[in-house]
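**Q** Top line first, the protein sequences correspond to chains A and B.
One point on numbering: in our numbering, the residue at position 58 of the first sequence is 1546, and numbering is uninterrupted.
One point on numbering: in our numbering, the residue at position 69 of the second sequence is 182, and numbering is uninterrupted.
Have a look at this one before I ask anything.
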Amino acid sequence: MKYIEEYRKTDLQKNLVKKIHKISKKLKKNIILMEVCGTHTVSIGRFGIRSLMPENIKLISGPGCPVCVTPTSYIDKAILLSKMKDVILATFGDMLRVPGSFSSLEKEKANGSKIFVFYSPYDALKLAEENLDKIVVFLSIGFETTTPLIAETIKIAKEKNIKNFFILCGSKLIPPIMEFLSQDKEIEIDGFICPGHVSVIIGANSYKFIPDKYKIPCVISGFEPVDILFSIYLILKSLINDRPKVINEYKRVVRDNGNIIAQQVLYSVFEPSDSEWRGIGNVKNSGLRLREEYKEFDIEEKIKINIGEVKEKKSCFCGEILKGKKIPFDCPLFEKICNPSNPVGPCMVSFEGTCSTYYKYERR
Amino acid sequence: MCLAIPMKVEKIMGDFAIVSIGKNKRKVNISFIGKLKKGDYVIVHAGFAIEKLSKTDADETLKIIEQLK
Ligand code: SF4
């Protein structure tokens, strides 16, 4: 596989680990680095990178799993929709098992609700075209990587004048949540490993305000072990030199200004709005809603969805884990009651969730 | 949700392309990519190519890492 093996070479990994240990001796205090991308969380677990770090460097996971940050109220709305007679629900697969207040989409599907899993939003649109007597609702979740694709699908729907395709808006933006976490005095993040494929769309320059305003260095990293180790090394170097900046380690895919075409499509259909993150709460301008010209595709404009009271699972620590304040080992349910076949919270459901990654790769 | 493995462009058909990884082939939307030709590598997400891989940058980063020795 081209450009994979090269970034997995063990001699390069070993050398980088050595370099990290050497440079870490110059650090004046213990360092916390947060990765804000579920795919990085999986890579760090899978390649055992956490265990290779010196004692004064802690790697923590942030709110980078789109399924995990989707609030319970959103799942409740989706479940209610799925029970409606003429509705077909279309979703990415990871959403099925996420617990809502009283049920999950998987349980509703087993009870006969029409819920279809798609790999691409475009396929959900095709389903709408084939079922003109039904209403197809696509669950629009995810970050800047995913939402341009949903935006493009909506544009096509408008062009083709398809009237039975809708979305349930739940898309989110990464820089605002990073800013929110940068301001949190309880975590004190010393460096961010920025999400690789969100950065493909928004570009390296989008993070500039973080080192400028909060003095926190940001590195955009690829997903292979050599990428991640080199990124950590670069961040340590910038901390030691006291020159916080944005470093782009994933230059082979991420441009300074990102993918302009995708950005144009995204912002012609959506505009920023406040958004609720599971366990974190409402964060200003951290979400996306449809622009006036595309409001006709918002299912909440067509149908009033009254979900009633939302019931959060009190025993689950997902909220604290998503903010980087706790790790799965801190949760009394981890392993004992909560595991991938019996997930209590979304962080255990999703393949990219912090709890499921710890369960798979980092059990003590 | 991201597939971090670059896929090779086999055939271009307007807004779509056939891309491959090993023996697996897939049809993806390429409307977000400017110029693309057969033999290029792309990053694919949920049925769309989201960026073209720059071989020059891939080699350059690797060289810098190798020289760290
Ligand atoms: S281990 Fe389970 S219950 Fe505990 S925080 Fe993770 S998902 Fe929630």
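We treat Cβ as the ideally placed atom computed from N, Cα and C, and that holds for glycine.
All values derive from a computational prediction rather than experimental measurement.
1) Mind checking Lys1502/A: buried by the 16 CB within 10 Å criterion, or exposed?
2) Going along chain A, which residues have a C-beta under 7 Å from Asp170/B?
3) Tell me where the beta strand (DSSP E) around Ser1589/A begins and ends.
4) Quick check on DSSP: helix, strand or coil for Met114/B?
5) Anything in chain B within Cβ reach of Ala1750/A, meaning under 7 Å, just list it in chain order.
6) Going along chain A in order, which residues have a C-beta closer than 8 Å to the C-beta of Ile178/B?
7) Does Leu149/B come within less than 9 Å of chain A when only Cβ atoms are used?
8) Please list the partners that Asn137/B has in chain A, where partner means a Cβ-to-Cβ separation under 9 Å.
9) How big is the Cα-Cα spacing for Glu1594/A and Lys1565/A?
10) Can you give, in chain order, each stretch of the beta strand (DSSP E) that sits fully within the stretch 1612-1655 of chain A and has at least 3 residues?
11) Does Cys1804/A come out as helix, strand or coil in the three-state DSSP assignment?
12) Flag this pair as yes or no: are the beta carbons of Ile1795/A and Met1572/A separated by less than 9 Å?
13) Excluding the 5 residues flanking Glu173/B on each side, which residues of the same chain have their C-beta closer than 6 Å to its C-beta?
14) Give, in chain order, every residue of the stretch 1684-1697 of chain A whose Cβ lies closer than 8 Å to some Cβ of chain B.
15) Sorted by chain position, which residues of the same chain lie with C-beta nearer than 6 Å to Gly1526/A's C-beta, five sequence neighbours on each side aside?
16) Considering just the uninterrupted stretch of the alpha helix (DSSP H) at Gly1533/A, what are its terminal residues?
17) Here's a check: name, in chain order, each residue in its chain whose Cβ is nearer than 6 Å to the Cβ of Phe1604/A, leaving out the five neighbours to either side.
18) Could you pull the start and end residues of the alpha helix (DSSP H) that Gly1833/A belongs to?
19) Please classify Thr1756/A: does DSSP put it in a helix, a strand, or coil?
20) Just to check my reading of the structure: Lys121/B and Ala130/B have Cβ atoms closer than 8 Å, yes? What is that Cβ distance to the nearest angstrom?
21) Can you tell me which of the three DSSP states Arg1862/A falls into?
22) Can you find a C-beta in chain A that's less than 9 Å from the C-beta of Glu123/B?
23) Among Asp1499/A, Ser1570/A, Ala1598/A, which residue has its Cα nearest to the Cα of Ala175/B?
24) According to DSSP, is Lys121/B part of a helix, a strand, or is it coil?
25) Run the proximity test for Val1832/A: is its beta-carbon closer than 8 Å to any non-hydrogen atom belonging to the ligand SF4?
26) Looking at the secondary structure, which residues open and close the beta strand (DSSP E) in which Ala159/B lies?
27) Note down, in chain order, every chain B residue with its Cβ under 9 Å from the Cβ of Tyr1610/A.
28) Using only the alpha-carbon positions, how far apart do Glu1640/A and Glu1788/A sit?
29) So the alpha helix (DSSP H) Val1686/A belongs to, where does it begin and stop?
30) Excluding five sequence neighbours on each side, which residues of the same chain lie with their C-beta closer than 8 Å to the C-beta of Arg1851/A?
31) Would you check if there are 3 or more beta carbon pairs closer than 8 Å linking the stretch 1719-1731 of chain A to the stretch 150-170 of chain B?
32) Between which two residues does the beta strand (DSSP E) holding Ser133/B run?
33) Could you please tell me which residues of the stretch 1636-1668 of chain A, in chain order, have their CB closer than 8 Å to any CB of chain B?
34) Between the beta-carbon of Glu1737/A and the beta-carbon of Gly1775/A, is there less than 9 Å?
35) Tell me whether Cys1553/A sits in a helix, a strand or coil according to DSSP, three-state version.
36) Applying a beta-carbon distance threshold of less than 9 Å, which residues of chain B neighbour Asn1747/A?
**A** A quick look at the data gives this:
1) Around the Cβ of Lys1502/A, a 10 Å sphere holds fewer than 16 other Cβ atoms; the residue is exposed.
2) Neighbourhood of Asp170/B in chain A, by CB distance below 7 Å: Lys1739, Arg1740, in chain order.
3) Where Ser1589/A is concerned, there is no enclosing beta strand (DSSP E), given that its DSSP letter is neither H nor E.
4) Bear in mind that the predicted position of Met114/B carries a pLDDT of just 48, short of 50, making it unreliable; the figure below should be weighed with that in mind. Residue state, collapsed to three classes: coil.
5) Residues of chain B passing the Cβ test: Phe145, Ile163.
6) Listed by position along chain A, the residues whose Cβ is nearer than 8 Å to that of Ile178/B are Leu1500, Leu1504, Val1714, Phe1718.
7) Judged by the 9 Å Cβ criterion, Leu149/B is not in contact with chain A.
8) Residues of chain A passing the Cβ test: none, with the nearest at roughly 11 Å.
9) Taking the straight line from one Cα to the other gives about 14 Å.
10) You should have 1623-1628.
11) Reduced to three states, the DSSP call for Cys1804/A is coil.
12) No, Cβ-Cβ distance for Ile1795/A and Met1572/A is not below 9 Å.
13) No residues qualify anywhere along the chain.
14) With the criterion set as a beta carbon lying under 8 Å from some beta carbon of chain B, the members of the stretch 1684-1697 of chain A are Gly1684, His1685, Val1688, Ile1689, in sequence order.
15) Once the five neighbours on either side are set aside, the close Cβ partners of Gly1526/A are Gly1552, Cys1553, Glu1840.
16) In this chain, the alpha helix (DSSP H) harbouring Gly1533/A covers 1526-1534.
17) Exclusion of the five residues before and after Phe1604/A leaves Ala1578 as the residues of its chain whose Cβ lies within less than 6 Å of its Cβ.
18) Where Gly1833/A is concerned, there is no enclosing alpha helix (DSSP H), given that its DSSP letter is neither H nor E.
19) A quick correction: the sequence has Ser, not Thr, at residue 1756/A. Of the three classes helix, strand and coil, the one that applies to Ser1756/A here is helix, per DSSP.
20) The pair is not a contact, with the Cβ atoms about 10 Å apart (cut-off 8 Å).
21) Nothing about residue 1862/A can be reported from this structure: the residues present for chain A run from 1489 to 1852 only.
22) It does not; no Cβ of chain A falls within 9 Å.
23) Before going further, note that residue 175/B is Leu rather than Ala in the sequence given. In this structure, Asp1499/A is the residue among Asp1499/A, Ser1570/A, Ala1598/A with its C-alpha nearest to the C-alpha of Leu175/B.
24) Looking at Lys121/B - three-state DSSP - the assignment turns out to be strand.
25) True, at least one ligand heavy atom lies under 8 Å from that Cβ.
26) Where Ala159/B is concerned, there is no enclosing beta strand (DSSP E), given that its DSSP letter is neither H nor E.
27) Listed along chain B are Asn142, Ala159, Gly160, Phe161, each with a C-beta nearer than 9 Å to that of Tyr1610/A.
28) So the alpha carbons of these two residues sit roughly 20 Å apart.
29) Start and end: 1684-1690.
30) Excluding positions up to five away in sequence, the list reads Glu1823.
31) Touching, no.
32) Per DSSP, Ser133/B belongs to the beta strand (DSSP E) from 129-134.
33) For chain B, the residues of the stretch 1636-1668 of chain A that bring a beta carbon within less than 8 Å of one of its beta carbons are Pro1636, Leu1637, Glu1640, in chain order.
34) Not closer than 9 Å, so no.
35) DSSP places Cys1553/A in coil when its eight states are reduced to three.
36) The answer, in chain order, is Phe145, Ile146, Ile163, Glu164.
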